[in-house]
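Each residue of the sequence shown is one higher than the one before, starting from 8 at the first, in our numbering. For each residue, glycine too, the CB sits at the ideal point set by N, CA and C. Here the structure comes first, spelled out in structure tokens, and everything after it is commentary.
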Amino acid sequence: MLPSIRQRPLLQKAQDVRGLPFAFRPGPLRAEELAQFYSDALDKNRANKVRSRLRDDLVDNAKIGYLFKGVIYGNRGTGKSTEINRLLEEPAIKQRFLVVRVDALDELNPQTFGAADVLLLICVKLIETCRAHCEQSGEAFHECFTILGDLHKRVAPWFPALQDREQVTTIHGASGELNILQLLKASVRVEGQRKMDLAQRRETLSGLTESISIVAQVVQQRLPDLEILLIGENFDKEQIPPVLLDETFVQYATVLRDIPIHMLFTLPVPFVYAKGQSLVFAREYRYPVYDVPLFDSNHKREPKGVAALQELLQLRADVDAIFDPGALDLLLFASGGDLYLLFAMITTSGRLAQYRAEDIPGSPPLVLTEDAATVVREQLGVFRNELGTSSTDSTDKTTWEAKRDRLRRVYESDPAAIVPDDVLYQLLRRRAILFCNGRGRYALHPFAVEILREQFRNDSSFVYRGGGLDQLPPPPA
Numbered sequence: 008m009l010p011s012i013r014q015r016p017l018l019q020k021a022q023d024v025r026g027l028p029f030a031f032r033p034g035p036l037r038a039e040e041l042a043q044f045y046s047d048a049l050d051k052n053r054a055n056k057v058r059s060r061l062r063d064d065l066v067d068n069a070k071i072g073y074l075f076k077g078v079i080y081g082n083r084g085t086g087k088s089t090e091i092n093r094l095l096e097e098p099a100i101k102q103r104f105l106v107v108r109v110d111a112l113d114e115l116n117p118q119t120f121g122a123a124d125v126l127l128l129i130c131v132k133l134i135e136t137c138r139a140h141c142e143q144s145g146e147a148f149h150e151c152f153t154i155l156g157d158l159h160k161r162v163a164p165w166f167p168a169l170q171d172r173e174q175v176t177t178i179h180g181a182s183g184e185l186n187i188l189q190l191l192k193a194s195v196r197v198e199g200q201r202k203m204d205l206a207q208r209r210e211t212l213s214g215l216t217e218s219i220s221i222v223a224q225v226v227q228q229r230l231p232d233l234e235i236l237l238i239g240e241n242f243d244k245e246q247i248p249p250v251l252l253d254e255t256f257v258q259y260a261t262v263l264r265d266i267p268i269h270m271l272f273t274l275p276v277p278f279v280y281a282k283g284q285s286l287v288f289a290r291e292y293r294y295p296v297y298d299v300p301l302f303d304s305n306h307k308r309e310p311k312g313v314a315a316l317q318e319l320l321q322l323r324a325d326v327d328a329i330f331d332p333g334a335l336d337l338l339l340f341a342s343g344g345d346l347y348l349l350f351a352m353i354t355t356s357g358r359l360a361q362y363r364a365e366d367i368p369g370s371p372p373l374v375l376t377e378d379a380a381t382v383v384r385e386q387l388g389v390f391r392n393e394l395g396t397s398s399t400d401s402t403d404k405t406t407w408e409a410k411r412d413r414l415r416r417v418y419e420s421d422p423a424a425i426v427p428d429d430v431l432y433q434l435l436r437r438r439a440i441l442f443c444n445g446r447g448r449y450a451l452h453p454f455a456v457e458i459l460r461e462q463f464r465n466d467s468s469f470v471y472r473g474g475g476l477d478q479l480p481p482p483p484a
């Protein structure tokens with residue numbers, strides 16, 4: 008049986024450097040944290056009303072009897088998961104939908120999963136969510152055991168972990184249901200993709216689709232006032248090879264299309280653009296979450312983007328009491344608007360400030376520019392290394408020369424440089440190029456600008472126009 012996941016503590020606003028790890032934990036805001044820590048400044052800056060559009064499209068489709076199939080996409084650290092959590096707290100959504108959540112990183116094997124794993128996980132989580140909802144309402148989900156037993160027998164031939172374990176299905180009552188649920192979840196988390204021929208694969212997917220349809224029908228009968236909304240999270244993360252996404256969302260797209268429930272998935276920007284009409288999601292139900300630019304198209308400071316990030320930081324920390332102004336400015340611009348990176352650098356710089364204050368009597372317990380600069384240089388090195396091409400990464404065969412040339416052309420505003428191809432997609436995937444708005448504007452991450460400055464230091468034809476880390480002091484001798 009899989010161990011239960013311990014619930015993490017709620018965020019706490021930081022009053023000093025010791026409090027930074029508890030205020031800037033990477034990850035989306037939970038429902039209980041939204042009131043205190045959510046800032047709509049980023050959403051206003053993007054100006055495309057993603058959450059409002061999602062809410063209205065979901066509700067309107069449900070009203071007219073259509074199944075909503077949508078995708079939300081954006082770079083890492085743009086706040087997609089927090090926007091989803093915010094959406095699910097909307098009264099119009101809570102009153103109308105039973106929300107079923109599946110997580111590609113936590114509940115699947117992100118390196119090997121296939122369409123069959125995704126479908127089985129959907130089916131299991133649907134049963135689990137309905138069971139929990141009935142328990143909260145003081146009702147019994149009498150059909151649960153029968154459904155689980157039938158599902159176990161149906162999928163056992165294709166999932167080795169379920170074979171020779173028929174004895175599990177003979178355990179009656181709540182403990183037996185939990186045993187089967189845990190076993191099914193473990194099979195997709197641990198095993199992942201199995202080797203099947205095409206006929207086996209089609210038979211598996213057909214059987215699983217039928218099982219989900221039966222479960223969905225039973226759930227709708229049990230909860231007639233709610234419709235089912237599936238949220239597929241973290242399918243956009245770098246750990247997942249594009250070929251796995253291709254099988255689930257393109258090759259077998261009709262399988263997802265035929266499941267009688269509403270769906271919203273997160274997917275990577277390059278994947279959504281590259282697959283175009285092949286995706287299961289109609290164009291009108293694709294919702295971009297743009298990067299918040301800190302520099303404008305002329306590589307000058309973008310006041311609105313900077314102010315949006317500053318507002319978010321002020322909700323999580325007493326910034327005037329913790330950060331030297333130059334340090335906070337350096338960290339903010341070095342992040343390029345990537346919240347995940349920004350929070351990680353803030354936490355690490357707080358640690359360094361704490362250690363310095365302990366080691367040097369009289370040293371201020373603040374994050375100074377020297378602390379921020381140490382972290383930024385370290386992350387610039389990581390960024391540089393990840394931008395290269397590795398023989399161990401089968402998804403990236405783009406040479407460094409091609410990447411460097413494209414970065415320079417985007418930086419110099421060459422219109423042909425933003426026409427999507429494999430090079431642009433790889434740079435988007437590495438977050439070296441930022442996805443700024445729906446009008447085709449791409450920009451370079453400040454780390455990428457710094458790398459260009461390094462690469463072309465002796466090239467007189469390269470002109471630095473701004474957009475880098477001018478605040479970064481020289482490294483100590």
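- [ ] Note down the Cα distance separating Tyr45 from Leu335, rounded to an integer number of angstroms.
- [x] Stepping through the sequence shown from its first residue, residue 45 is reached at position 38. Stepping through the sequence shown from its first residue, residue 335 is reached at position 328. In a straight line, the C-alpha of Tyr45 is about 20 Å away from that of Leu335.
Task: Burial state of Pro368, where buried means 16 or more other Cβ atoms lie within 10 Å - done: For the purposes of this step, residue 368 is taken as residue 361 along the sequence shown, with counting starting at 1. Counting Cβ neighbours within 10 Å, Pro368 comes out exposed, since fewer than 16 surround it.
Open item on the list: For Ile129, report the span of its alpha helix (DSSP H) as first-last.
Closed with: In the sequence shown, counting from the first residue as 1, residue 129 sits at position 122. Counting along the chain, the alpha helix (DSSP H) containing Ile129 begins and ends at 122 to 143.
Open item on the list: Please state the DSSP three-state secondary structure of Pro481.
Closed with: The residue given as residue 481 occupies position 474 in the sequence shown. Coil at Pro481, not helix or strand.
Task: Inter-residue spacing [alpha-carbon to alpha-carbon] between Leu320 and Arg464 - done: One-based indexing of the sequence shown puts residue 320 at position 313. One-based indexing of the sequence shown puts residue 464 at position 457. In a straight line, the C-alpha of Leu320 is about 35 Å away from that of Arg464.
- [ ] Run the CB neighbour count on Leu17, radius 10 Å, all protein chains shown included, and call it buried at 16 or more, exposed below.
- [x] Stepping through the sequence shown from its first residue, residue 17 is reached at position 10. By the 10 Å Cβ count, Leu17 comes out exposed.
Task: Counted within 10 angstroms of its Cβ, other Cβ atoms place Glu457 as buried (16 or more) or exposed - done: Your numbering for residue 457 matches position 450 in the sequence shown. Flag for Glu457 reads buried.
Open item on the list: In this structure, how does DSSP classify Tyr2 when only helix, strand and coil are distinguished?
Closed with: This structure does not reach residue 2, given that the chain is present from 8 up to 484, and the question cannot be answered.
- [ ] Quickly, what does DSSP pair Tyr292 with across the bridge? List them, please.
- [x] Locating residue 292 in the sequence shown gives position 285, counting from the first residue. Partner(s): none; Tyr292 has no beta bridge.
Open item on the list: Let me confirm a value: Val389 is counted as buried when at least 16 other C-beta atoms fall within 10 Å, else exposed. Which label applies?
Closed with: Mapped onto the sequence shown, residue 389 falls at position 382. Exposed is the call here.
Open item on the list: I need the straight-line Cα distance from Val313 to Leu301, nearest angstrom please.
Closed with: Looking up residue 313 in the sequence shown gives position 306. Looking up residue 301 in the sequence shown gives position 294. In a straight line, the C-alpha of Val313 is about 6 Å away from that of Leu301.
Task: Those residues which DSSP pairs with Arg108 across a bridge - done: Translated into the one-based positions of the sequence shown, residue 108 becomes position 101. In the DSSP output, where bridge partners are listed per residue, Arg108 has Ile238.
Open item on the list: At the level of alpha carbons, what is the spacing between Phe330 and Arg358?
Closed with: Numbered from its first residue, the sequence shown carries residue 330 at position 323. Numbered from its first residue, the sequence shown carries residue 358 at position 351. Those two C-alpha atoms are separated by around 12 Å.
Open item on the list: I'd like the ranges of any beta strand (DSSP E) spanning at least 3 consecutive residues and lying wholly in the region 407 to 481.
Closed with: 440 to 442, 449 to 451
Open item on the list: Taking the alpha carbon of Leu212 as the reference point, which residue from Ala122, Leu451, Arg472, Ala324 has its own alpha carbon closest?
Closed with: To locate residue 212, count along the sequence shown from 1; it is residue 205. Among Ala122, Leu451, Arg472, Ala324, the Cα nearest to that of Leu212 is on Ala122.
TODO: Starting from Val374, follow its DSSP beta bridges and name the residues at the other end.
DONE: Translated into positions along the sequence shown, residue 374 becomes position 367. Phe330.
Task: Residue from Ile268, Tyr259, Arg264, Thr255 with nearest C-alpha to Leu274 - done: In the sequence shown, counting from the first residue as 1, residue 274 sits at position 267. Residue Thr255 is the option with its Cα nearest to Leu274.
Task: Three or more C-beta pairs below 8 Å linking the region 401 to 420 and the region 251 to 270 - done: no
- [ ] Just mark Ala328 as buried or exposed, buried being the case when its beta carbon has 16 or more other beta carbons within 10 Å.
- [x] The residue given as residue 328 occupies position 321 in the sequence shown. That one is exposed.
Task: Pairwise C-alpha distance: Phe350 and Ser218 - done: Working through the sequence shown from its first residue, we reach residue 218 at position 211. Working through the sequence shown from its first residue, we reach residue 350 at position 343. Going by the C-alpha atoms only, they are around 42 Å apart.
Open item on the list: Quick check: what's the CA-CA separation for Arg22 versus Thr376?
Closed with: In the sequence shown, the residue the question calls residue 22 occupies position 15. In the sequence shown, the residue the question calls residue 376 occupies position 369. Per the sequence shown, residue 22 should be read as Gln rather than Arg. Approximately 19 Å between the Cα atoms of the pair.
- [ ] Check the C-beta distance from Tyr292 over to Lys76 and give it rounded, since I have them as a contact under 8 Å.
- [x] The count along the sequence shown starts at 1 and reaches residue 292 at position 285. The count along the sequence shown starts at 1 and reaches residue 76 at position 69. That belief holds up - the Cβ atoms of Tyr292 and Lys76 are roughly 6 Å apart, short of 8 Å.
Task: Ala315 and Leu49 closer than 8 Å at C-beta - done: Residue mapping note: residue 315 aligns to position 308 of the sequence shown, counting from 1. Residue mapping note: residue 49 aligns to position 42 of the sequence shown, counting from 1. Against a cut-off of 8 Å, the Cβ pair of Leu49 and Ala315 comes out as a contact.
Open item on the list: What does the alpha-carbon distance come out to for the pair Leu126 and Thr216?
Closed with: Here residue 126 corresponds to residue number 119 of the sequence shown, with the count starting at 1. Here residue 216 corresponds to residue number 209 of the sequence shown, with the count starting at 1. Their Cα atoms are separated by approximately 7 Å.
Open item on the list: What residue range does the beta strand (DSSP E) around Leu115 cover?
Closed with: Here residue 115 refers to the residue found at position 108 when the sequence shown is read from its first residue. Premise fails: Leu115 is in no beta strand (DSSP E) and is neither H nor E.
Task: Three-state secondary structure assigned by DSSP to Phe31 - done: Walking along the sequence shown from the start, residue 31 turns up at place 24. Coil at Phe31, not helix or strand.
- [ ] Can you have a look at Gly395 and say buried or exposed, based on whether 16 or more other CB atoms are within 10 angstroms of its CB?
- [x] Within the sequence shown, the letter at position 388 stands for residue 395. With fewer than 16 other Cβ atoms within 10 Å, it is exposed.
Task: Arg60, DSSP secondary structure in three states - done: Taking the sequence shown and counting its residues from 1, the one referred to as residue 60 is at position 53. In the structure shown, Arg60 sits in a helix (DSSP, three-state: H, G or I).
- [ ] Would you grab the beta carbon distance between Leu338 and Ala379 for me? Rounded to a whole angstrom, and I think it's under 8 Å.
- [x] Along the sequence shown, one-based indexing puts residue 338 at 331. Along the sequence shown, one-based indexing puts residue 379 at 372. Right, the Cβ-Cβ distance comes to about 5 Å (below 8 Å), so this counts as a contact.
Open item on the list: If you reduce the DSSP assignment to three classes, tell me which class Phe75 lands in.
Closed with: Within the sequence shown, residue 75 is the residue found at index 68, counting from 1. DSSP places Phe75 in coil when its eight states are reduced to three.
Open item on the list: Can you find the residues in the same chain that come closer than 7 Å, C-beta to C-beta, to Arg460, ignoring five residues on each side of it along the sequence?
Closed with: As a position in the sequence shown, residue 460 is number 453, starting the count at 1. Excluding residues within five positions, the ones whose Cβ falls inside 7 Å are Tyr471, Gly475.
- [ ] Take Val430 and list the residues in its own chain whose beta-carbon comes closer than 6 Å to its own, dropping the five residues that flank it on each side.
- [x] Taking the first residue of the sequence shown as 1, we reach residue 430 at position 423. Closer than 6 Å at Cβ, skipping near neighbours: Thr405, Ala409, Arg413.
TODO: Give the straight-line distance between the Cα atoms of Leu373 and Thr354, rounded to the nearest whole angstrom.
DONE: If you number the sequence shown from 1, residue 373 lands on position 366. If you number the sequence shown from 1, residue 354 lands on position 347. C-alpha separation (whole angstroms): 12 Å.
TODO: Could you tell me if Gly239 is buried or exposed, where buried requires 16 or more neighbouring beta carbons within 10 angstroms of its beta carbon?
DONE: Walking along the sequence shown from the start, residue 239 turns up at place 232. By the neighbour-count rule (16 or more Cβ atoms within 10 Å), Gly239 is buried.
TODO: Label Arg323 either buried or exposed according to how many other C-beta atoms from any shown protein chain fall within 10 Å of its C-beta, with 16 as the threshold for buried.
DONE: Counting from one through the sequence shown, the residue named residue 323 turns up at place 316. The residue in question, Arg323, is buried, as its Cβ has 16 or more Cβ neighbours within 10 Å.
Task: Cut-off 7 Å between Cβ atoms - residues of its own chain near Pro480, not counting five sequence neighbours on either side - done: Within the sequence shown, residue 480 is the residue found at index 473, counting from 1. Hits under 7 Å: Thr376, Ala380.
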